[in-house]
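Protein chains in written order, with our numbering: chain E, 4 to 720; chain Z, 3 to 177.
Structure, as structure tokens:
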């Protein structure tokens with residue numbers, strides 16, 4: 004081998020090897036992240052991916068999923084051309100058609116449904132991807148439909164609303180100035196990898212770390228000074244018990260409480276119902292551990308708290324559990340103070356960057372009104388606080404046609420596996436829809452039900468606007484041409500808007516013109532951003548964000564205070580039974596009758612993160628799949644011994660709603676009585692076990708992380 | 003300059019980013035039955051007192067000073083790179099006898115089914131010679147896996163001892 008051949012084999016970039024490093028971003032996981040990537044490109048193909056060292060967000064770091072980005076991009080199940088269904092819905096039989104033909108069919112069919120029923124009979128639905136949402140949301144509105152919905156109806160938004168009705172805003176942990184970190188469900192090793200560094204730094208300078216989780220994790224092992232392994236679904240009780248300890252021991256910041264909060268007396272009366280022995284009994288924790296953790300949090304301040312977008316609010320008592328934890332930040336005077344939790348509003352698509360963009364206006368300026376959104380009647384708090392459908396009511400509305408029929412779905416990356424009783428939803432879609440379009444990168448279970456399927460490209464094949472912490476914006480450039488005939492989602496939407504002659508200047512002009520409108524006033528334009536391959540500082544950005552704004556100017560709540568007693572919830576019709584206080588109730592409250600307890604004695608917790616997986620996105624990515632080749636549930640060895648389960652053997656997990664067959668793995672990391680199962684597998688979709696009405700009444704969120712189930716051995720073969 | 007891989011078990015979570023980096027660098031073909039050179043372990047070890055230690059580990063070729071695989075190979079495929087100190091190989095003459103794998107206390111050399119030859123982690127020798135980090139180290143986001151020069155290792159080693167001692171004596175400033 005010559006020296007040059009050796010270098011080419013080792014993928015060393017340079018003119019001699021013909022390998023060029025081009026910058027893009029990884030969009031496999033949540034938009035709160037999206038790390039900068041260096042793609043090594045040779046002859047128009049990506050041959051290697053690494054984190055971009057000079058990127059201001061991830062500084063060269065990538066997680067497991069991002070490190071497998073090349074394998075994700077070149078997956079064999081990429082959709083190659085626009086497709087028209089030729090078999091039954093769900094069968095997966097399609098024929099290729101041209102883009103022009105696809106657009107013509109879509110325009111004709113959507114308009115037909117609009118004419119026959121109403122524009123609201125077309126629901127515009129998105130899966131996990133966020134980057135195209137302002138364009139898509141506006142598209143739905145300009146078409147005339149109020150029904151725009153996304154994965155927000157099951158992810159993160161419940162927490163956002165809980166924050167909003169309490170403090171008018173969320174607030175992130177100010178790790179750099181904290182003495183104590185309360186990592187409630189914190190596991191940066193599995194999700195949000197860059198956060199681990201902040202905790203490591205806090206520990207290096209002598210800070211203390213409390214981790215609260217239902218399972219032992221790398222965070223509980225590597226980072227925790229105190230680890231509370233709590234019974235699943237009991238976090239709200241713990242938070243109220245902590246509040247009582249804080250108040251009774253004089254650890255509360257009463258000056259703060261008097262000056263900045265509302266409803267303290269009622270909150271105190273609620274907390275009084277949770278004495279230490281009762282809380283220890285509910286949570287399965289040692290009273291001394293609860294006391295020590297509470298004392299550390301309340302007296303070794305400033306203390307900041309981690310909030311999880313899904314771990315808590317995926318219990319049917321999760322909205323209140325989150326509120327109860329959130330209230331601790333004000334009780335201890337840590338809200339909006341340095342080293343505590345500091346509000347830092349998002350600039351664009353969930354990313355705070357220290358300046359304002361007109362994303363919300365772009366989405367809502369053309370809101371058509373004229374009808375209630377799907378789920379509005381059933382989830383009034385959600386409807387009052389969030390401008391999307393609550394999709395957990397979609398199945399009912401499809402089946403019952405009440406309050407009005409839904410007859411078409413236009414989707415980007417719709418994922419039916421996100422919905423409880425997935426099989427029932429797909430059945431209803433198959434039976435009731437006149438027309439269904441799905442756009443996706445890969446041929447998914449859901450896409451197989453579509454009449455027209457459109458191929459989207461990945462983040463490295465397109466340009467997109469992204470804001471980053473520190474006051475940055477970037478407009479990425481494609482590092483390779485879109486594979487096959489795939490296109491960028493926003494180009495698909497804007498091209499379709501032109502074919503449909505939708506009456507909107509921005510959709511007609513396209514993505515870049517829309518961005519220029521949204522970013523007006525920040526001091527840069529898309530043309531400016533195009534001059535750089537990396538994120539650039541935005542002139543208007545103020546960073547870091549200074550704490551104290553709420554304390555100085557008042558909270559954006561009806562009382563202008565931090566509300567222990569939420570007046571926004573008090574304004575909801577009492578017939579719904581929503582408590583303005585963060586009261587606690589059992590996370591299996593709807594499944595506690597004697598027979599259900601007996602037949603389904605296990606606590607099923609789905610979707611607890613592992614490093615290689617995110618929803619259903621990576622299960623079919625071979626490198627990542629190789630880390631756990633089979634869908635596998637985890638049980639405590641005590642339960643396994645009692646039931647005679649065999650490590651690695653086949654088991655059936657079942658509930659009153661459905662069953663799946665998976666492998667079983669034993670782990671001491673969870674308590675007896677708990678079963679963990681990763682979600683998102685097509686061949687073993689655990690969400691068929693979740694009842695469609697097993698929902699948090701405040702948010703409409705399903706109890707993905709708290710559901711009764713049972714397990715039994717399956718004969719091999 | 004001789005290079006050394008350093009692994010810190012207190013920073014590892016077996017997230018397997020290193021494994022992804024290795025597969026990406028070495029074009030590991032899983033469909034053909036190839037196996038990645040690096041492997042992670044998420045093991046639970048029951049201790050004598052009944053408690054459980056969660057071991058998160060990442061391993062590949064240890065690049066031993068006195069590598070037994072080198073002597074075990076009947077056709078002389080394996081050698082030490084004099085510059086980096088990594089245990090490297092040229093499998094042109096490999097007869098697929100697996101002697102190297104059997105001699106290795108860590109089972110690092112892998113037999114590649116697709117061409118019947120031995121392959122293994124070479125420390126990303128060519129990358130390191132070109133001033134880059136090994137792919138697995140580059141992919142490790144938590145600082146569990148590092149690759150340092152012999153000199154850096156000696157220095158960090160003495161710091162480590164000093165730090166451990168300060169902690170043992172409880173001398174670190176609080177707060």
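Glycine included, every Cβ here is placed at the ideal spot set by N, Cα and C.
At least one C-beta of chain E is nearer than 8 Å to the C-beta of residue 17(Z).
Taking the C-beta atoms as reference points, residue 610(E) is found no nearer than 8 Å to residue 716(E). The beta carbon of residue 489(E) does not come within 8 Å of any beta carbon belonging to chain Z, so the residue lies off that interface. Here the C-alpha atom of residue 210(E) lies approximately 21 Å from the C-alpha atom of residue 334(E).
Under the Cβ distance rule, residue 49(Z) does not count among the residues neighbouring chain E, no pair being separated by less than 8 Å. For the region 222 to 242 of chain E, the set of residues with a beta-carbon nearer than 9 Å to any beta-carbon of chain Z comprises 222, 223, 224 and 225, in chain order. Between residue 317(E) and residue 567(E), the C-beta gap is not smaller than 8 Å, which leaves the two residues out of contact.
Between residue 704(E) and residue 153(E), the gap from beta carbon to beta carbon reaches 8 Å or more.
Proximity of chain E to residue 140(Z) at the Cβ level (cut-off 7 Å) is accounted for by 53, in chain order. Residue contact check for residue 630(E) against chain Z: a CB pair falls below 8 Å.
Residue 126(E) carries a strand assignment under DSSP once its states are collapsed to helix, strand and coil. By the C-beta density criterion, residue 619(E) is buried, having at least 16 other C-beta atoms within 10 angstroms.
The continuous beta strand (DSSP E) containing residue 232(E) extends over residues 229 to 232.
Annotation for residue 563(E): 557 place their beta carbon closer than 7 Å to its own, counting only its chain and skipping 5 residues before and after. Listed in chain order, the non-local C-beta contacts of residue 105(Z) below 6 Å within the same chain comprise 70, 71 and 74, local neighbours out to five positions each way being set aside. Only 70, 71 and 73 from the region 69 to 101 of chain E bring a Cβ to less than 7 Å from some Cβ of chain Z. Look at residue 45(E) here: in three-state DSSP terms it is strand. The C-alpha of residue 260(E) is placed about 7 Å away from the C-alpha of residue 336(E).
Only exposed fits residue 257(E), as fewer than 16 other CB atoms lie within 10 angstroms of its CB. The beta carbons of residue 181(E) and residue 305(E) sit closer together than 8 Å.
Under the DSSP definition of a beta bridge, residue 680(E) partners with 609(E) and 636(E). Residues of the region 12 to 26 of chain E that bring their beta carbon within less than 8 Å of a beta carbon in chain Z comprise 12, 13, 14 and 15, in sequence order. Using a Cβ-Cβ cut-off of 8 Å, residue 388(E) does not count as an interface residue toward chain Z, since no Cβ of chain Z sits closer than that to its own.
Within chain Z, the residues 17, 18, 19 and 22 have their CB atoms less than 7 Å from the CB of residue 67(E), given in chain order. Rounded to whole angstroms, the separation of the alpha carbons of residue 185(E) and residue 164(E) is 21 Å.
In the three-state reduction of the DSSP assignment, residue 471(E) falls in the strand class. Under a 10 Å Cβ-count criterion, residue 219(E) is classified as buried, with 16 or more other Cβ atoms of the shown protein chains found around its own Cβ. Per DSSP, the unbroken beta strand (DSSP E) holding residue 212(E) starts and ends at 211 to 216. Around the beta-carbon of residue 112(Z), 16 or more other beta-carbon atoms lie within 10 Å, marking it buried. Restricting attention to beta strand (DSSP E) runs no shorter than 3 residues, the region 585 to 630 of chain E encloses them at 605 to 609, ordered along the chain. The CB of residue 614(E) comes closer than 9 Å to the CB of 15, 16, 17, 18 and 19 in chain Z, given here in chain order. Rounded to the nearest whole angstrom, the CA to CA distance from residue 56(Z) to residue 153(Z) is 32 Å. When DSSP assignments are scanned along the region 57 to 136 of chain E, the uninterrupted stretches of beta strand (DSSP E) that are 3 or more residues long and fall wholly within it turn out to be 86 to 88, 97 to 99 and 125 to 129. For residue 201(E), the enclosing alpha helix (DSSP H) begins and ends at 198 to 207.
Taken through DSSP and simplified to helix, strand or coil, residue 137(Z) comes out as helix. Separation of the CB atoms of residue 474(E) and residue 433(E) is rounded to 48 Å, and the pair is thereby denied contact status at 8 Å.
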